[in-house]
Structures are given as structure tokens and as C-alpha cells.
Amino acid sequence: MSTTPPILYVEYGDTIADIAMREKTSTSLTTTTAILLTVLLLVTFFSNLFLVATISASYKLRTNLLYLIFVQLGILNLIESIFVMFVSLLYVANNNWVFGELVCKLNATAQEFVFLQSFFVIMLMAVERALGLTTSGRLLLTRRYAFCLSLLFTAISLCFAAPALFDEFKVVPFPYRYICAIGTNTPMPYAIVQMIIYCGCVFVITICFCAIIRYRRFIAGTRTLPAKPQDYGAFIMESRALEDYMTMTRLIIFIFVAYILLNGPYLVLNFYYQIRNSAELLANADELQVSQDVDTMITFLMMFYPFTVTILIYCFCRDIWVKLVNLVFCRRSTSASYGNWARDDRDKDMLEDSHTSDRVLTLVATTEGLQIRGPNGQYRPPPIQPYYHEPSIQDPKDVPSIVPAMMPSAYQPDYCLPNQISDDNNSVKTHNLSNPRILKKKTIQISNTKTIIPDEYKIRLDTTSGSDVSNKASKIPLSNRQKLQRKKRKQRIGMNGGKKIPVSTTKTKPFK
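Just so we're aligned: the sequence shown equals residues 1 to 512 in UniProt numbering.
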């Protein structure tokens with residue numbers, strides 16, 4: 001009796017076609033991920049490298065404390081791009097962790113150090129903005145204090161990152177995060193203390209931003225125009241410096257928000273995984289497993305943070321962007337440089353501003369006339385200011401005409417500024433010398449005038465006619481009205497048949 005052979009059934013997905021399709025899909029996904037990581041790695045590395053090089057190569061940018069903190073932030077982003085993103089790219093390209101345990105521990109240590117130190121740097125920037133604004137312009141956070149705080153924060157970050165190098169902390173590669181991190185059986189106090197430090201930094205940053213916003217509202221409600229017109233220039237400069245200061249404050253706020261949105265989910269997931277799979281909880285519970293999609297999405301968000309920060313800095317800091325373009329394309333600025341942009345010891349206690357400089361001379365209108373305000377706020381008259389003796393004016397009935405050759409030496413015409421004559425009331429007024437309403441009624445006699453006007457601005461008055469003053473020697477272009485008056489004068493001379501007008505040759509007595 002023959003028996004029927006049993007029928008064997010293959011489960012869905014175990015056929016050769018299904019296995020080949022699954023492997024093809026996995027290979028395509030790996031290739032796409034590797035390409036995206038390569039592009040992100042290149043733009044992150046070069047953008048941060050150019051940021052550090054641009055600020056380091058410019059003396060003007062290095063004098064700003066906030067820009068020096070940007071350099072520190074750029075260096076941290078470079079460390080992340082080399083020790084985290086590049087290793088992750090190699091992990092994706094090989095589709096397996098092919099490196100040893102030492103590289104895995106270095107990768108996890110670099111992550112812990114960069115995350116905590118970057119948050120410390122953001123807190124330092126917020127403190128610098130708050131102290132500089134709420135202390136009436138006094139620079140309490142100097143470079144030396146900022147350097148000491150940076151060293152302290154670096155030491156704290158190294159202390160929390162170093163445990164990943166020891167064998168007591170189990171560091172494993174995560175296949176869907178494409179990086180190494182601290183895994184199971186971790187002491188619970190380690191993650192709890194880290195969470196407390198992060199929450200403390202958030203509290204300090206929030207206090208700084210609230211103080212800045214409160215002070216900004218107070219200034220907006222109490223700041224008014226000065227009573228004296230000569231103080232308008234200083235008021236405008238202070239308003240512009242305050243606006244630039246608030247612009248940089250908004251940049252720090254955006255960097256803080258970017259850290260919370262991009263690095264925050266990864267930190268929350270990492271802390272939750274460490275606490276849930278700690279040695280204290282694993283004794284009574286099973287190990288927590290995170291889904292593939294959550295791991296991949298949160299890791300990609302974390303890797304976008306270094307590039308996002310650099311783009312924000314380039315968008316808000318125009319001077320850094322201009323220096324970057326000149327550095328990349330090897331261009332030099334052809335514009336003239338006015339004043340000294342470098343701050344000396346006198347300006348140590350002032351707010352540092354990247355767009356304005358107070359080492360300029362300002363021409364202001366005061367009650368004593370036009371004066372120059374120096375960088376130290378003192379007022380002085382302009383360097384070229386003529387001093388006049390009042391010329392005397394005589395009735396034309398007594399002296400019909402004045403001939404320069406027949407006048408005494410004390411009454412020879414001297415040099416004076418154009419468009420200025422004097423009245424009998426000992427006050428200098430500005431008139432138009434070609435105005436017939438003024439010159440036809442009075443004959444001007446110039447006294448001995450002493451002036452300090454340069455030769456290129458000197459004009460000799462032509463008094464060949466007692467009722468007119470010629471503008472032949474004037475360097476000021478004639479207006480349409482002056483041209484019309486000169487044309488009419490030529491017509492009157494032509495009506496006399498070309499005869500010269502008789503000029504009196506009687507000597508005039510000296511005026512007393």
C-alpha cells in the first residue's frame with residue numbers, strides 16, 4: 001500500500017523571491033541613507049570650518065566676545081561631524097559595525113561631550129547677553145571670565161562623558177541609530193544627574209531671556225528724545241546699538257530653540273532608555289526595545305543641528321557673511337575705512353557692537369552754532385572758522401564811487417567768504433552778493449579783514465562799479481537769476497554805445 005507524500009507549506013516571506021526582494025529593498029534604503037548622510041556631513045563640516053576660519057582671520061570679528069563663543073560652538077560642531085556623523089556614515093555604508101570596541105566607546109564619548117558642552121555654550125551666550133544689557137552697558141563678563149567659565153564647563157562635560165570609556169558602562173552599537181550609545185545595565189543615578197544638569201541650564205537660560213525681555217520693555221516705555229538738539233546724534237547711535245544688541249539676542253534664542261527641537265528628542269529618548277534599562281529596573285522588568293522608525297527619525301533630527309546653527313549665524317550676522325565671501329573668493333574690500341574700528345582700553349566697559357563704532361566725528365548744531373563732537377563726547381568749533389572785523393558802510397551820496405587803486409591801504413579790498421557782508425548793527429548776516437535790492441542802495445567799503453581761510457576758498461571782491469559786485473573770481477557756480485542779471489547789465493552797457501561810465505577821481509578822506 002502506497003502512502004501519499006506529505007505536503008510542505010512555506011510561510012509567506014520565506015520564498016526565494018520574497019527574500020531577494022527584501023534584500024534589494026534593504027540595499028536601496030542603505031544607499032539612500034548613505035547619500036543623505038554624505039551630503040549632510042559635507043555641508044556641516046565646511047560651513048562650520050568656514051565659520052571658525054572667518055572669525056579667526058578677522059581682527060574686527062575677534063574683538064567681539066560673542067563671536068569668540070561662536071568659534072567655540074563651531075569647533076564643537078566640527079568634533080560632532082568627525083567623530084559622530086562620519087562614523088555613522090561608515091556604519092551605514094558597511095551595513096554592519098565593522099570597527100572595534102574602542103571606536104564604539106570613542107563615538108559614544110564624543111556624543112555625550114558635544115551634547116552637554118553645546119548646551120553650556122548656549123547658556124554662556126545667554127548670560128553674556130543678559131549681563132551686558134541689564135548692567136547699563138558695563139561689561140561684567142570679560143574675556144578672561146568667559147575663558148574661565150568655558151574651561152569649567154569643558155571639565156564638567158568631560159566628567160560626564162568619560163564614564164563611557166570604562167567597562168562598567170556597557171556601550172553597544174544601535175543598528176537603527178547608526179551610532180554607538182550607552183546601553184543596558186547602566187547605573188540609574190548617572191542618567192538622573194545628567195537630567196538635573198540639563199534642567200538647570202534650561203532654567204538659567206530662561207531667566208536670562210526673561211530679564212532681557214523685561215529690560216527691553218522698560219527701555220521702550222521710558223526712552224524719549226533728548227531735550228537738546230545736539231544730543232540727537234548720541235540718541236540715534238544708542239538706539240541703533242540697542243537694536244543690534246537685541247538682534248543678536250534673538251539669534252541666541254533661535255539657537256536655543258533649535259537645540260530643543262533637534263537635539264531634545266534624542267536626549268529624551270536616550271535618558272528614558274538608560275533609566276528604563278538600568279540595572280535597578282531590569283531586575284524586575286524586561287528590556288525596553290525602541291522601534292526602528294523612531295530611532296532613525298530622531299537620529300536624523302539630531303544630525304541636522306550643527307548645520308542649522310551655522311545657517312542661523314550666517315543669516316543674522318551680516319559682517320560674518322561678508323567676511324566669509326571675501327575669504328572664500330579671495331576678495332579685498334575696496335571701500336575707504338573711516339575711523340578706528342578696534343576698541344582700546346577706554347572702551348572696555350562699553351557694550352560691544354559689531355555694526356557701529358563710536359570713534360567718529362559728528363557735526364551737530366548747537367546754540368553756539370555748528371560744532372564738532374568728538375569720540376569722547378566733547379564739543380569744539382570746526383577747525384576752519386574765519387574771524388571778521390566788521391566792514392563799515394557809507395552813504396553813496398558822500399562817496400559816489402569807490403576805486404580800489406585810489407583807496408588808502410587800510411581800505412584796500414581783502415579776502416572774505418562769499419555771500420557774507422556786514423550791517424551797521426555789528427552782526428554778520430548771510431546775503432546774496434548779486435542781489436540788486438541790497439547792493440544798489442548801499443556802497444560796500446571793505447575794511448582790513450583778517451582771516452584764516454585757505455587760498456583755494458579765497459575770493460577777491462571786484463568793486464569796479466559802485467552799484468555791483470562782480471563774480472568773475474568766484475568759484476561758486478552762478479544761479480539762473482545771477483546769469484539773468486549779468487545779461488541785463490551787458491545790455492545796459494550796450495545802450496550807452498560802448499562808452500565807459502565816468503568814474504570820480506576825487507580822493508576820499510579816510511573814514512574815522
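Heads up, the beta-carbon is just placed ideally off N, CA and C, and yes, glycines get one too.
| task | Assign E128 to buried or exposed, taking buried as 16 or more other Cβ atoms, counted over all protein chains shown, within 10 Å of its Cβ. | result | Residue 128 sits at position 128 when you count from the first residue of the sequence shown. So E128 ends up on the buried side.
| Taking buried to mean at least 16 other C-beta atoms within 10 Å of its own C-beta, is V98 buried or exposed? | Start at 1 with the first residue of the sequence shown, and residue 98 comes out as number 98. By the 10 Å Cβ count, V98 comes out exposed.
| said: So, does the stretch 91–109 touch the stretch 157–172, judging by three or more C-beta pairs under 8 Å? | reply: yes
| Is the distance from the Cβ of I69 to the Cβ of R62 below 8 Å? | Here residue 69 is taken as the residue at index 69 of the sequence shown, counted from 1. Here residue 62 is taken as the residue at index 62 of the sequence shown, counted from 1. Cβ distance not < 8 Å, so I69 and R62 don't count as in contact.
| request: Could you check how far apart the C-beta atoms of E295 and F169 are, in whole angstroms? I think they sit under 8 Å. | output: Numbered from its first residue, the sequence shown carries residue 295 at position 295. Numbered from its first residue, the sequence shown carries residue 169 at position 169. Here the sequence assigns Asp to residue 295, which means Glu is not the residue at that position. Actually they do not touch by this definition, with Cβ atoms about 20 Å apart.
| What did DSSP end up calling V322 once you bin it into helix, strand or coil? | Here residue 322 is taken as the residue at index 322 of the sequence shown, counted from 1. Looking at V322 - three-state DSSP - the assignment turns out to be helix.
| said: If I measure Cβ to Cβ from T44 and keep anything under 6 Å in the same chain, skipping five residues before and after, which residues do I get? | reply: Numbered from 1 along the sequence shown, position 44 holds the residue referred to as residue 44. Result list for T44: S81, P306 and F307, in chain order.
| Pick from A126, A258 and I182 that is closest to Y272, judged by C-alpha positions | Working through the sequence shown from its first residue, we reach residue 272 at position 272. Selected option, being the one with the closest Cα: I182.
| task | Excluding the 5 residues preceding and the 5 following A234 in the sequence, name in chain order all residues of the same chain whose CB lies nearer than 7 Å to its CB. | result | Looking up residue 234 in the sequence shown gives position 234. Counting only Cβ-Cβ distances below 7 Å, and skipping sequence neighbours, we find nothing.
| What does a CB cutoff of less than 8 Å around R143 pick up in its chain, not counting 5 residues either side in sequence? | The count along the sequence shown starts at 1 and reaches residue 143 at position 143. Apart from the 5 residues on each side of it in sequence, R143 sits with its Cβ closer than 8 Å to the Cβ of L65 and L68 in its chain, given in chain order.
| On the three-pair Cβ rule with 8 Å, is the stretch 197–207 touching the stretch 285–292? | no
| task | With DSSP collapsed to three states, give me the class of P173. | result | What you label residue 173 is simply residue 173 of the sequence shown in a count that begins at 1. P173 falls in the strand class under three-state DSSP.
| said: Can you tell me whether T32 is buried or exposed? The criterion is at least 16 other CB atoms within 10 Å of its CB, across all chains shown. | reply: Within the sequence shown, numbered from 1, the residue matching residue 32 stands at position 32. So T32 ends up on the exposed side.
| field | Q230 and V325 closer than 8 Å at C-beta | value | Start at 1 with the first residue of the sequence shown, and residue 230 comes out as number 230. Start at 1 with the first residue of the sequence shown, and residue 325 comes out as number 325. With contacts defined by Cβ atoms closer than 8 Å, Q230 and V325 do not form a contacting pair.
| Segment limits, beta strand (DSSP E) that includes V364 | Along the sequence shown, read from residue 1 onward, the residue named residue 364 stands at position 364. Note, V364: beta strand (DSSP E), T362 to T366.
| said: I need the straight-line Cα distance from G369 to I255, nearest angstrom please. | reply: Residue mapping note: residue 369 aligns to position 369 of the sequence shown, counting from 1. Residue mapping note: residue 255 aligns to position 255 of the sequence shown, counting from 1. The straight-line gap from Cα to Cα measures roughly 49 Å.
| message | Using a 10 Å radius around the Cβ and a threshold of 16 neighbouring Cβ atoms, would you call I192 buried or exposed? | response | As a first step, residue 192 is located in the sequence shown; it is residue number 192 there, counting from the start. Burial is judged here by how many other beta carbons sit within 10 angstroms of a residue's own beta carbon; I192 has fewer than 16 and is exposed.
| Any idea what DSSP makes of A285, helix, strand or coil? | The sequence position of residue 285 within the sequence shown is 285, counting from 1. In the structure shown, A285 sits in coil (DSSP, three-state: anything other than H, G, I, E or B).
| What is the rounded straight-line gap between the Cα of A34 and the Cα of V84? | Locating residue 34 in the sequence shown gives position 34, where the first residue counts as 1. Locating residue 84 in the sequence shown gives position 84, where the first residue counts as 1. Taking the straight line joining both Cα atoms gives about 14 Å.
| request: Quick one: using the 10 Å Cβ neighbour count with 16 as the cut-off for buried, is N263 buried or exposed? | output: To locate residue 263, count along the sequence shown from 1; it is residue 263. N263 comes out buried.
| field | Cβ separation of L116 and V309, assumed to be a contact under 8 Å, to the nearest whole Å | value | Along the sequence shown, one-based indexing puts residue 116 at 116. Along the sequence shown, one-based indexing puts residue 309 at 309. The pair is not a contact, with the Cβ atoms about 16 Å apart (cut-off 8 Å).
| field | Enclosing beta strand (DSSP E) for C180 [first to last residue] | value | Position 180 of the sequence shown, counted from the start, is the residue given in the question as residue 180. Where C180 is concerned, the enclosing beta strand (DSSP E) stretches over I179 to I182.
| message | To the nearest angstrom, how far is the alpha carbon of Y232 from that of R214? | response | Against the sequence shown, residue 232 aligns to sequence position 232. Against the sequence shown, residue 214 aligns to sequence position 214. Spanning the two alpha carbons is a distance of roughly 25 Å.
| query | Is M125 helix, strand or coil by DSSP? | reply | Position 125 of the sequence shown, counted from the first residue, corresponds to residue 125. The answer is helix: DSSP assigns M125 an H, G or I state.
| said: Buried or exposed for I179, going by 16 or more other Cβ atoms inside 10 Å? | reply: For the purposes of this step, residue 179 is identified with residue 179 of the sequence shown, where counting begins at 1. Buried: at least 16 other Cβ atoms inside 10 Å.
| Opposite Y379 in the DSSP bridges: which residues? | What you label residue 379 is simply residue 379 of the sequence shown in a count that begins at 1. Y379 is bridged to R373.
| query | Which whole-angstrom value describes the C-beta separation of I212 and L242, a residue pair presumed to lie in contact below a C-beta threshold of 8 Å? | reply | Position 212 of the sequence shown, counted from the start, is the residue given in the question as residue 212. Position 242 of the sequence shown, counted from the start, is the residue given in the question as residue 242. Going by Cβ atoms, the distance from I212 to L242 rounds to 11 Å, so no, they are not a contact pair.
| request: With a threshold of 16 other CB atoms inside 10 Å of the CB of Y266, please say whether the residue is buried or exposed. | output: Indexing the sequence shown from 1 puts residue 266 at position 266. By the 10 Å Cβ count, Y266 comes out buried.
| request: Within the same chain, show all residues whose beta-carbon is closer than 7 Å to that of T366, passing over the 5 residues directly before and after it, in chain order. | output: Looking up residue 366 in the sequence shown gives position 366. Result list for T366: Q230 and Y379, in chain order.
| request: From the DSSP output, in three-state form, read off S278 for me. | output: Here residue 278 refers to the residue found at position 278 when the sequence shown is read from its first residue. S278 falls in the strand class under three-state DSSP.
| said: Considering just the uninterrupted stretch of the alpha helix (DSSP H) at K60, what are its terminal residues? | reply: Looking up residue 60 in the sequence shown gives position 60. Looking at the DSSP string, the run of the alpha helix (DSSP H) that includes K60 is Y59 to R62.
| request: Can you say whether L140 is buried or exposed, counting buried as having 16 or more other CB atoms within 10 angstroms of its CB? | output: By one-based count along the sequence shown, residue 140 stands at place 140. L140 should be labelled exposed.
| Which listed residue (T154, V52, T30 and N77) has its alpha carbon closest to that of N96 | Here the question's residue 96 lines up with position 96 in the sequence shown. Comparing Cα positions, the closest option is T30.
| message | Between I298 and L269, how many whole angstroms is the CB-CB distance? I'm expecting something under 8 Å. | response | Reading the sequence shown from its first residue, position 298 is the one you call residue 298. Reading the sequence shown from its first residue, position 269 is the one you call residue 269. Sure, about 6 Å apart at Cβ, within 8 Å.
| message | Looking at I79: is its Cβ nearer than 8 Å to the Cβ of V114? | response | Taking the first residue of the sequence shown as 1, we reach residue 79 at position 79. Taking the first residue of the sequence shown as 1, we reach residue 114 at position 114. Yes.
| field | Assigned exposure category for L124 - 16 Cβ within 10 Å defines buried | value | Counted from its first residue, the sequence shown places residue 124 at position 124. By the neighbour-count rule (16 or more Cβ atoms within 10 Å), L124 is buried.
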